[in-house]
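J.:
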Amino acid sequence: MRIPLTDLTLQHQSIREDLEAAIARTLESGSFILGPEVEAFEQEMAAFCQTSHAVGAASGTDALHLALLACGIGDGDEVLTSPFSFIATTESITKCGATPVFVDIDPNTCNMDLDLMQQSVTKATRGIVPVHLYGQPLDMPRLMGFASAHSLKVVEDCAQSLGATWMGKKVGSFADAGCLSFFPSKVLGALGDGGMVVTNDPDIAERVRILRSHGSKTRYYHDIPGFNSRLDSLQAAVLRVKLQHLDTWISRRGALAATYSRLLRGVGAISLPAGREDSRHVYNYYTIRVRGGANTRNALATHLKERGIATAVYYPKSLHLQPVYAALGYSRGQLPVSEAAQDEVLSLPMYPELATAQVEKVTHAIAGYYLQQPSHRQDQRPGSILNPD
Ligand SMILES: Cc1ncc(COP(=O)(O)O)c(C=O)c1O
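Residue 1406 in my numbering is what sits at position 290 of the sequence shown, and the numbering runs on without skipping anything.
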């Protein structure tokens, strides 16, 4: 039995009739760009995200870019962000003509360390792009307090965290804008690319609407330089079907994560994702940290692969060390927590249709790996799958 990292075929089988009906409805409507399906989906998403507006875009990357432009971020501005994210986070900043300024991460969450933001602020700082990595929300009330003290715009990168909450409030609803990705493997995935900006600010919503449609409010009349970045009607129709299941799917991810954590507690030299009572992690990825560095992490990944279990490393190279950002002048050792994380993180299979027996197989395989390591044979404490409590 192979266990993939994620498996969309099972999800699509379970809702196939509804998906086919939504696709047929769109075909018959003759409306393929924006239109009623996108408008309805935007309203449903605004309600889901607890915001007053939602504006569809062609991808999560574009949503971030358009939201930053709508917030007035531009040439010469500096934007604080996490070095431990997908490059789309920083691409959106540089596409505006601004410079990303990396703030090291918290080792427990892999999210930006809010204690370190102050030291990165300069006269040119205009914004912050916090990333809720893996589906885990960061402390947005605290971050917004800091932003307001320094008059900074904030755009939340919620690409991996749709549905996550901090004290009951949805991510994306705290800041000037929140950006979502509907990349197929996200918690709400389209059958292709898609993204969205959610906001409580009507001016930002309006600016994003204009920017996504060639800088135009009225067709063929162009007020500002814009882009072609719209959500397809077909994707919106499919996403509307899936949205109806999203809460159930997120709950199932939470249950699977709890099973992983229960079975892996005390196994080997790994750290488990740090959940909090007062927040909801949506586990787009269930990511452990393998102590001992990249060789150990990679050896564990190989051990799992040999047993048919897929894993992934999000991300193997911190953004500040990427060649594309060489001109920013960062060097190794400057952001040590992010650099350690790149060598230790390992994401395990996670999708709502994953069976509990499959999670057990993964955790057994991990325990088996550590049993082969002489230094860990004595290290199986209560709570581990070898000594279940
Ligand atoms: C943290 C993060 N930001 C931004 C994006 C960009 O989203 P998209 O792939 O929809 O452009 C992604 C997804 O791939 C992501 O994981």
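Every residue gets a Cβ at the ideal spot worked out from N, C-alpha and C, and that includes glycine.
On a predicted model such as this, the values are computed, not experimentally measured, just so you know.
Tell me whether L1304 sits in a helix, a strand or coil according to DSSP, three-state version.
T.: Counted from its first residue, the sequence shown places residue 1304 at position 188. Reduced to three states, the DSSP call for L1304 is coil.
J.: Skipping 5 residues on each side, what residues in its chain have a beta carbon closer than 6 angstroms to that of M1283?
T.: Indexing the sequence shown from 1 puts residue 1283 at position 167. Same-chain partners within the cutoff: D1394.
J.: With three or more C-beta pairs closer than 8 angstroms as the rule, is the stretch 1202 to 1214 touching the stretch 1236 to 1246?
T.: Yes: at least three Cβ pairs fall under 8 angstroms.
J.: For the beta strand (DSSP E) holding P1246, just list the boundary residues, first then last.
T.: As a first step, residue 1246 must be located in the sequence shown, where it is residue number 130. From DSSP, P1246 is part of no beta strand (DSSP E); its letter is neither H nor E.
J.: Should the stretch 1271 to 1287 be regarded as contacting the stretch 1222 to 1236, the criterion being three or more beta carbon pairs within less than 8 angstroms?
T.: Cβ pair count under 8 angstroms is below three, so no.
J.: Taking 8 angstroms as the cut-off, does the stretch 1341 to 1360 touch the stretch 1209 to 1217 (at least 3 CB pairs, one atom from each stretch)?
T.: Too few Cβ pairs lie closer than 8 angstroms, so no.
J.: In whole angstroms, give me the CA-to-CA distance for H1128 and L1135.
T.: Sequence index remark: in the sequence shown, residue 1128 carries index 12 (1-based). Sequence index remark: in the sequence shown, residue 1135 carries index 19 (1-based). Taking the straight line from one Cα to the other gives about 8 angstroms.
J.: Given the structure, does T1177 come close to ligand 1, in the sense that its CB is under 7 angstroms from one of the ligand's heavy atoms?
T.: The count along the sequence shown starts at 1 and reaches residue 1177 at position 61. Yes, the Cβ of T1177 comes within 7 angstroms of a heavy atom of ligand 1.
J.: So, helix, strand or coil for A1293, using DSSP?
T.: As a first step, residue 1293 must be located in the sequence shown, where it is residue number 177. Strand.
J.: Let me know the secondary structure DSSP gives S1277 once reduced to three states.
T.: Taking the first residue of the sequence shown as 1, we reach residue 1277 at position 161. Of the three classes helix, strand and coil, the one that applies to S1277 here is coil, per DSSP.
J.: Considering Cα atoms alone, identify which of H1330, T1122, E1322, M1117 is closest to L1304.
T.: On the sequence shown, position 188 is the one that residue 1304 refers to. Cα-wise, what sits closest to L1304 is T1122.
J.: Entirely within the stretch 1163 to 1246 and at least 3 residues each: give me those beta strand (DSSP E) ranges in chain order.
T.: Listed in chain order, they are 1169 to 1173, 1194 to 1197, 1215 to 1218, 1241 to 1245.
J.: In whole angstroms, give me the CA-to-CA distance for T1472 and T1375.
T.: If you number the sequence shown from 1, residue 1472 lands on position 356. If you number the sequence shown from 1, residue 1375 lands on position 259. Distance between the alpha carbons of T1472 and T1375: 8 angstroms.
J.: Go through its chain and collect everything with a Cβ distance to S1175's Cβ below 6 angstroms, but skip five positions before and after it.
T.: Residue numbering aside, residue 1175 sits at position 59 when the sequence shown is read from its first letter. Closer than 6 angstroms at the Cβ level, and outside the excluded window around S1175, lie D1309, G1311.
J.: Taking 8 angstroms as the threshold, find out whether the stretch 1474 to 1490 comes into contact with the stretch 1412 to 1425 through three or more Cβ pairs.
T.: Enough Cβ pairs lie closer than 8 angstroms, so yes.
J.: Where do the N-terminal and C-terminal ends of the alpha helix (DSSP H) with I1320 fall, by residue?
T.: For the purposes of this step, residue 1320 is taken as the residue at position 204 of the sequence shown. Run containing I1320: 1318 to 1328, per the alpha helix (DSSP H) assignment.
J.: Among the residues of its own chain, which have a CB less than 8 angstroms from the CB of R1356, if the five just before and after it don't count?
T.: For this step, residue 1356 is matched to residue 240 along the sequence shown. If we look at R1356 and ignore the five residues flanking it on each side, its Cβ neighbours are A1138, E1153, A1156, F1157, E1160.
J.: How many whole angstroms separate the CB atoms of S1387 and R1405, which I take to be in contact at a CB cut-off of 8 angstroms?
T.: Your numbering for residue 1387 matches position 271 in the sequence shown. Your numbering for residue 1405 matches position 289 in the sequence shown. The Cβ separation is near 4 angstroms, so the contact holds.
J.: Determine whether the beta carbon atoms of V1383 and A1265 lie at a separation below 8 angstroms.
T.: Taking the first residue of the sequence shown as 1, we reach residue 1383 at position 267. Taking the first residue of the sequence shown as 1, we reach residue 1265 at position 149. Their beta carbons are not under 8 angstroms apart, which means V1383 does not touch A1265 by this criterion.
J.: Compare the beta carbon distance of Q1474 and P1465 with 8 angstroms and say whether it is the shorter of the two.
T.: Here residue 1474 is taken as the residue at index 358 of the sequence shown, counted from 1. Here residue 1465 is taken as the residue at index 349 of the sequence shown, counted from 1. Yes, they are a contact pair.
J.: Closest to H1436 by CA distance: which of T1427, Y1430, G1449 is it?
T.: Counting from 1 along the sequence shown, the entry for residue 1436 is found at position 320. Comparing Cα-Cα distances from H1436 to each of T1427, Y1430, G1449, the minimum goes to G1449.
J.: Using a Cβ-Cβ cut-off of 7 angstroms (strictly less than) and excluding sequence neighbours within five positions of E1194, which residues of its own chain qualify?
T.: Residue numbering aside, residue 1194 sits at position 78 when the sequence shown is read from its first letter. So the list reads A1214, T1215, V1217, T1238, A1240, T1241, R1242, once near-sequence residues are dropped.
J.: Could you tell me the distance, in whole angstroms, from the CA atom of S1201 to the CA atom of Y1430?
T.: For the purposes of this step, residue 1201 is taken as residue 85 along the sequence shown, with counting starting at 1. For the purposes of this step, residue 1430 is taken as residue 314 along the sequence shown, with counting starting at 1. Their backbone Cα atoms lie some 8 angstroms apart in a straight line.
J.: Flag this pair as yes or no: are the beta carbons of A1443 and R1328 separated by less than 8 angstroms?
T.: Against the sequence shown, residue 1443 aligns to sequence position 327. Against the sequence shown, residue 1328 aligns to sequence position 212. Taking 8 angstroms as the Cβ cut-off, A1443 and R1328 do not qualify as a contacting pair.
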